[in-house]
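Line by line, the protein sequences are chains A and B.
End of the first sequence = 428 in the working numbering, gap-free, step of one.
End of the second sequence = 1428 in the working numbering, gap-free, step of one.
Report on the structure given below.
There are 2 protein chains.
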Amino acid sequence: MTDPLRLGIAGLGTVGTGVVKIVQRQAALLQARSGRAVQISAVSARTRDKDRGVRLGGYAWEDDPVALATRDDVDVFVELMGGSDGPAKAATEAALAAGKDVVTANKAMLAVHGQALAETAEAAGQVLRFEAAVAGGIPVVKALTEGLAGNEITRVMGVMNGTCNYILTRMEATGQGYNALFEEADKLGYLEADPNLDVGGIDAGHKLALLASIAFGTQVSFDNVQLEGIQRIEIADIEQARDMGYRIKLLGVAQMTGRGLEQRMQPCLVPADSPLGQLEGGTNMVVLEGDSVEQIVLRGPGAGEGPTASAVMSDVMDIARGIRLATFGQPAAGLQPATPANSAVPAPYYIRTQLFDKPGALAKVATALGESGVSIDRMRQYGHDEPTAPVLFVTHKTTKEALDAAMDGMAQCDVVDGTPVAIRIEAV
Amino acid sequence: MTDPLRLGIAGLGTVGTGVVKIVQRQAALLQARSGRAVQISAVSARTRDKDRGVRLGGYAWEDDPVALATRDDVDVFVELMGGSDGPAKAATEAALAAGKDVVTANKAMLAVHGQALAETAEAAGQVLRFEAAVAGGIPVVKALTEGLAGNEITRVMGVMNGTCNYILTRMEATGQGYNALFEEADKLGYLEADPNLDVGGIDAGHKLALLASIAFGTQVSFDNVQLEGIQRIEIADIEQARDMGYRIKLLGVAQMTGRGLEQRMQPCLVPADSPLGQLEGGTNMVVLEGDSVEQIVLRGPGAGEGPTASAVMSDVMDIARGIRLATFGQPAAGLQPATPANSAVPAPYYIRTQLFDKPGALAKVATALGESGVSIDRMRQYGHDEPTAPVLFVTHKTTKEALDAAMDGMAQCDVVDGTPVAIRIEAV
């Protein structure tokens, strides 16, 4: 009989409570599958006296997560507190120093300190795993690290922030603007305490940086993720993109190019009939592309008690089964710093502008595009009551530099009302 | 420096050639990720003198796969010959007896002999893995066995035969009947030597039985898969299902019910706007549902050199990394025989019939349905030039027994022309 695997769980919010429930409810199943009992020795949270709808009486309580992480009766420290620094990092370091394995859902901590923590863990012979940090219940870290281990990864894409996708798809469904849907998401409790983590793309950027490290064998480099949130997306863009056969998603894209590692988290147009284009509400989707596998698409709940706890338990069960992988799929000490690409791979762009309704207006704008080397694939002018006409362009593939020059040129035309909007169209 | 992992590959068709190419092309990547070199020692195939577009000169050649499987310089026997018995099984058994690990893409062999082979492997301390046997490049065995290891699995569904999905979606796109598209698929080389493996649902049934074993901790039981192929699907069904908001898929469903394990591989209607309903052509999709994760959907190429070789390499890389799992996720010796459910979970059904155009015809048919306890959710009668009118019903949830009784009753009505068609509607 193998010894039980003993967990110490720090953080009893939604995810922590979910993990406790699985360990209690599925004890027999976990033992049958791993060959050993999975037990909880001790827990820790900010507030002790709170009804979490789950029995905690049988577990030791620690006020201090560092004390929890270093207990003799803990084999695996399960870090579910969150925050890139502070107690989460201190307790993770203490756990590794004390010879514990660590399972965490903390994308912020790993995006900033993942390289150092992974090196520490691997030097000590411990594992540090983070399935729950990316795309909730979708086992994407495992799919990428292990399932596609024979592939040279060519591109990783994903819609990995359910709140942003909820806001964007609700904007389309209701015809309401960004601010109204932001408030709706806030009321539903979908936003982080700092909403910019969601709508500014930071949370999704953390996840992208973690996947990029695994995919391309480079050190996590969140600082080099080009970040753009969804705040500037107007209902007109959503409706007119739809009219052209696209939908707007906050899309993360990581790919290794001849010019270095490109990591972008930004609103993009994707074809409405693609799997990414069909994604509704808070669901997450990750697209993995490799030289042999071509493309696989993984879809599932990106948050929530059960799904995120399921991902935590995937890591716990790996450890119970003796599966001991390097944090980023290969020894952290050998990971190279990524050279960030200094420009994005060329792509078509969607451009929306308002033109004053006078002779030669369209010619002037088209000239501005042409002079910057941007050629037009499709153009559409809509009927209008106002003195300006909405005009849309879909360009052929162009560099971001040429596009920026064209946008500057357009803005200087005396026929353009306001600032034109450009959104990248990602081939998916 | 860890010793290299040495492969012996039996079978140099599409998949075998693909594996050789990955090992050659990605040698550095495989070594970086697993910490050891992955090499090929020897290969075997039916024909030696054949240009496979790949260098084989550095490898020993064996005419006999059993000899290959037992070579001293082979650590992992990679079985890519196919066939449930014969050389594949003999060589797999010989490899396990000689202390080799085995990686196979052979769904037929495992669906029939998986339990015995897994017991043999585990008793000998060897691993027997089969990621490539199910859904091509999609790492679904890993997702289910490891990624969802903390879940009580509630249902597994999948479109796992690309040829059938190709035929069905081409029928819809072209308006041509089954026979014409069967011939088209044959010309394109999409059909197995015995086409009934594809269109009869056998190949997909093998895959479903393997997933069910992992999902529910039961012995593989292919004999208990209720099998129905796509041969009886008419273009009228595809068009009229579409008109009602559905598409027809050859869908595998496995779920554990109070009455036992239900395993069905049969044409089903699924909502046209669901991920399964949106699946086109030869792509595969597997839907996994668990008590915690809710639902995840995996989509990818179900066949082909690169994708299937990618799946083989996933197992090879697991072994190279020291990941040693039981074939079906828990010790085979402890798996219980599945009690097959004696009836399917109730569901709504689509019924298509032709009624003679005379007074009271619809009433008679509706009475036949009602007398069997089948109630009608939606009904649609189409305009017609012939003496009979096409009439469609969508029923409320009903048992298969009540449905069969209703179909008998309808067939006996003197107002029905020909035999009515019933197809299950699966809630996805």
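Quick reminder that beta carbons are idealized off the backbone N, C-alpha and C, glycines included.
- If only complete runs of 3 or more residues are kept, the segment 290 to 315 of chain A shows the beta strand (DSSP E) at 294 to 301, in order along the chain.
- Closest by C-alpha distance to residue 259 (chain A), out of A:339, A:26, A:136, is A:339.
- The DSSP-derived three-state label of residue 87 (chain A) is helix.
- As summarised for the segment 1214 to 1287 of chain B, the continuous alpha helix (DSSP H) elements at least 4 residues long and confined to that stretch are 1235 to 1243, given in chain order.
- Relative to residue 1330 (chain B), the option among B:1252, B:1214, B:1395, B:1381 whose CA is nearest is B:1214.
- Under DSSP, residue 1354 (chain B) takes part in a beta bridge, and its partners are B:1390, B:1417.
- Here residue 1270 (chain B) has 1246, 1247, 1249, 1251, 1276, 1277, 1426, 1428 as same chain residues with Cβ atoms under 7 Å from its own Cβ, once five neighbours each way along the sequence are excluded.
- If you check the CB distance, residue 1040 (chain B) and residue 1313 (chain B) do not come in under 8 Å.
- Around the beta-carbon of residue 383 (chain A), fewer than 16 other beta-carbon atoms lie within 10 Å, marking it exposed.
- In summary, residue 1048 (chain B) is exposed, with fewer than 16 beta-carbon neighbours lying within 10 Å of its beta-carbon over all protein chains present.
- Secondary structure at residue 1375 (chain B): coil, using DSSP grouped into helix, strand and coil.
- For the C-beta of residue 1323 (chain B), the chain A residues within less than 7 Å are, from N- to C-terminus, 323.
- Neighbours of residue 1358 (chain B) across chain A, judged by C-beta separation under 9 Å, do not exist; the nearest C-beta is about 44 Å away.
- For the segment 1133 to 1157 of chain B, the set of positions with a beta-carbon nearer than 7 Å to some beta-carbon of chain A reads 1137, 1138, 1139, 1142, 1143, 1146, 1147, 1148, 1149, 1150, 1151, 1152 in chain order.
- Under the three-state reduction of DSSP, residue 1079 (chain B) is assigned to strand.
- Residue 1147 (chain B) carries a helical assignment under DSSP once its states are collapsed to helix, strand and coil.
- One alpha carbon belongs to residue 174 (chain A), the other to residue 181 (chain A), and they sit about 9 Å apart.
- For residue 373 (chain A), there are no neighbours in chain B by C-beta distance under 9 Å, as the nearest C-beta there is about 36 Å away.
- DSSP lists no beta-bridge partner residue for residue 152 (chain A).
- For residue 114 (chain A), the three-state secondary structure derived from DSSP is helix.
- Annotation for residue 72 (chain A): no residue places its beta carbon closer than 7 Å to its own, counting only its chain and skipping 5 residues before and after.
- DSSP places residue 381 (chain A) in the strand class (E or B) of the three-state scheme.
- The segment 1181 to 1199 of chain B makes no contact with the segment 1084 to 1093 of chain B, as fewer than three CB pairs between them are under 8 Å.
- Using a CB distance cut-off of 8 Å, residue 1071 (chain B) does not count as an interface residue toward chain A.
- Contact annotation: in the segment 380 to 392 of chain A, no residue has its CB less than 7 Å from a CB in chain B.
- For a Cβ distance threshold of 7 Å, residue set 1032, 1033 of chain B lies close to residue 330 (chain A), ordered along the chain.
- Against residue 1012 (chain B), chain A offers no close residue; the least beta-carbon distance is about 17 Å (beta-carbon pairs closer than 8 Å).
- Among the residues facing chain B, residue 309 (chain A) is included, as its CB has a counterpart in that chain under 8 Å away.
- Segment contact: the segment 1354 to 1361 of chain B against the segment 1129 to 1144 of chain B, fewer than three CB-CB distances shorter than 8 Å; contact not assigned.
- The segment 306 to 322 of chain A makes contact with the segment 69 to 85 of chain A; the number of CB pairs closer than 8 Å reaches 3 or more.
- DSSP places residue 1176 (chain B) outside both helix and strand once states are collapsed to three, so it counts as coil.
- In the three-state reduction of the DSSP assignment, residue 408 (chain A) falls in the helix class.
- Partner residues in the beta bridge of residue 1039 (chain B), as assigned by DSSP, are B:1006.
- Within the model, the alpha-carbon separation for residue 1097 (chain B) versus residue 1127 (chain B) is close to 12 Å.
- Here residue 65 (chain A) carries a helix assignment [DSSP, helix/strand/coil].
- Residue B:1029 holds the alpha-carbon nearest to the alpha-carbon of residue 151 (chain A) among B:1029, B:1282, B:1288.
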